[in-house]
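Counting with the numbering used here, you get residues 459 to 665 for the letters of the sequence shown.
The beta-carbon is built from N, C-alpha and C at its ideal position, and this holds for glycine as well.
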Amino acid sequence: MDARPRRYRPPTALSTTEKVSPVTVAAVILAAGGGARWNGAGHKLLAEVAGRPLAAHALAAASEAGLDELVVVTGSVDLSSVLPVGATVLHNNRWFDGQATSLRLAVDYAERVGHEAVVVGLADMPGVPSVAWRALADCPSPLAVATFDGLRRPPTRIARLLWPELPTVGDEGGRVLLSEQSSHVVEVACPGNPGDVDIVEDLGSWN
459 MDARPRRYRP PTALSTTEKV SPVTVAAVIL AAGGGARWNG AGHKLLAEVA GRPLAAHALA
519 AASEAGLDEL VVVTGSVDLS SVLPVGATVL HNNRWFDGQA TSLRLAVDYA ERVGHEAVVV
579 GLADMPGVPS VAWRALADCP SPLAVATFDG LRRPPTRIAR LLWPELPTVG DEGGRVLLSE
639 QSSHVVEVAC PGNPGDVDIV EDLGSWN
């Protein structure tokens, strides 16, 4: 069995006679956690990074990618001051039960409104550009993950057929699928910096 990762390369063009079924894809930003490792004042998602609150970078990139809907899952902190216009906000009352509860809230919503896939990223990753979100949205694979210089990091594309297999509690979230469905994961090479911010010292590489 070929264990090499499958990599997606976007088509150069579509045939003018090819019919493409409409598939709606939502961008999902998980922004509910309390930032347990954060050792600075306030909440880390509101800490200044390159002149803006940390969360504003990921929110702007996901919004600028132009997916069919932007869904933001909040919980431990009020992010109303940095939310893009038109974003759908889902408040997770169970954010303390782990990231999986936020992802479950998002996919349950996506299923209700009829999306066929979600592209899921994290609010504490300021260096992931909009083109990465767009590339994952355009990938036809049911399960795909961004790679940055070969390193797998969010965003991750998860199609509707896989949503029932996501965990309901804990901090694993989409990583469970990437592990359990490893032979079916398609890697999408993306530009950008996949670093995140967990502690105050991480801010030094961004400011």
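Residue i burial status per 10 Å Cβ neighbour count (16 or more: buried)
i: residue 614; result: buried
i: residue 598; result: exposed
i: residue 616; result: buried
i: residue 622; result: exposed
i: residue 515; result: buried
i: residue 469; result: At residue 469 the pLDDT is 45, less than 50, meaning the model places this residue with poor confidence and gives no usable figure here.
i: residue 607; result: exposed
i: residue 459; result: For residue 459, the pLDDT reaches just 42, beneath the cut-off of 50, and the residue's location in the model is therefore unreliable, leaving the point undetermined.
i: residue 474; result: Bear in mind that a pLDDT of 37 at residue 474, under 50, signals an unreliable position, so the number given afterwards is only what the model happens to contain. By the 10 Å Cβ count, residue 474 comes out exposed.
i: residue 544; result: exposed
i: residue 627; result: exposed
i: residue 665; result: exposed
i: residue 478; result: Unreliable positioning characterises residue 478 in this predicted model, as indicated by a pLDDT of 44, which lies under 50. The coordinate reading is nonetheless provided below. Its Cβ having fewer than 16 others within 10 Å, residue 478 is exposed.
i: residue 438; result: Nothing can be reported for residue 438: it is not among the residues displayed for the chain, which extend from 459 to 665.
i: residue 641; result: exposed
i: residue 533; result: buried
i: residue 520; result: buried
i: residue 632; result: buried
i: residue 590; result: buried
Rounded distance between the beta-carbons of residue j and residue i, thought under 8 Å
i: residue 578; j: residue 486; result: 5 Å
i: residue 636; j: residue 620; result: That pair is no contact at about 11 Å.
i: residue 592; j: residue 523; result: 5 Å
i: residue 660; j: residue 557; result: Incorrect: roughly 18 Å between the Cβ atoms, too far for contact.
i: residue 490; j: residue 560; result: 5 Å
i: residue 540; j: residue 513; result: 5 Å
i: residue 609; j: residue 652; result: 6 Å
i: residue 529; j: residue 548; result: 6 Å
i: residue 496; j: residue 656; result: 7 Å
Range covered by the alpha helix (DSSP H) that runs through residue i
i: residue 569; result: 557 to 571
i: residue 504; result: Per DSSP, residue 504 belongs to no alpha helix (DSSP H) and is neither H nor E.
i: residue 594; result: 588 to 596
Proximity to residue i [Cα-Cα], best of the options
i: residue 585; options: 510, 483 and 482; result: 510
i: residue 582; options: 505, 662 and 567; result: 505
i: residue 526; options: 653, 662 and 482; result: 482
i: residue 580; options: 604, 642, 566 and 626; result: 604
i: residue 662; options: 507, 642, 492 and 550; result: 507
i: residue 611; options: 640, 499 and 648; result: 648
i: residue 565; options: 645, 594 and 618; result: 618
i: residue 568; options: 658, 639, 595 and 484; result: 484
i: residue 538; options: 498, 658 and 503; result: 503
i: residue 588; options: 638, 573 and 650; result: 650
i: residue 596; options: 646, 656, 553 and 501; result: 646
i: residue 535; options: 554, 542, 631 and 655; result: 554
i: residue 644; options: 658, 594 and 542; result: 594
Residue span of the beta strand (DSSP E) that contains residue i, given as start and end
i: residue 514; result: Unbroken run through residue 514 is the alpha helix (DSSP H), 512 to 522; no beta strand (DSSP E).
i: residue 645; result: 644 to 647
i: residue 490; result: Careful: residue 490 lies outside any beta strand (DSSP E) and carries neither H nor E.
i: residue 545; result: Note, residue 545: premise wrong, no beta strand (DSSP E); not H, not E.
i: residue 580; result: 575 to 580
Please give the ranges of any beta strand (DSSP E) in the segment 605 to 633, keeping only runs that are unbroken, at least 3 residues long and fully inside the region. 609 to 617
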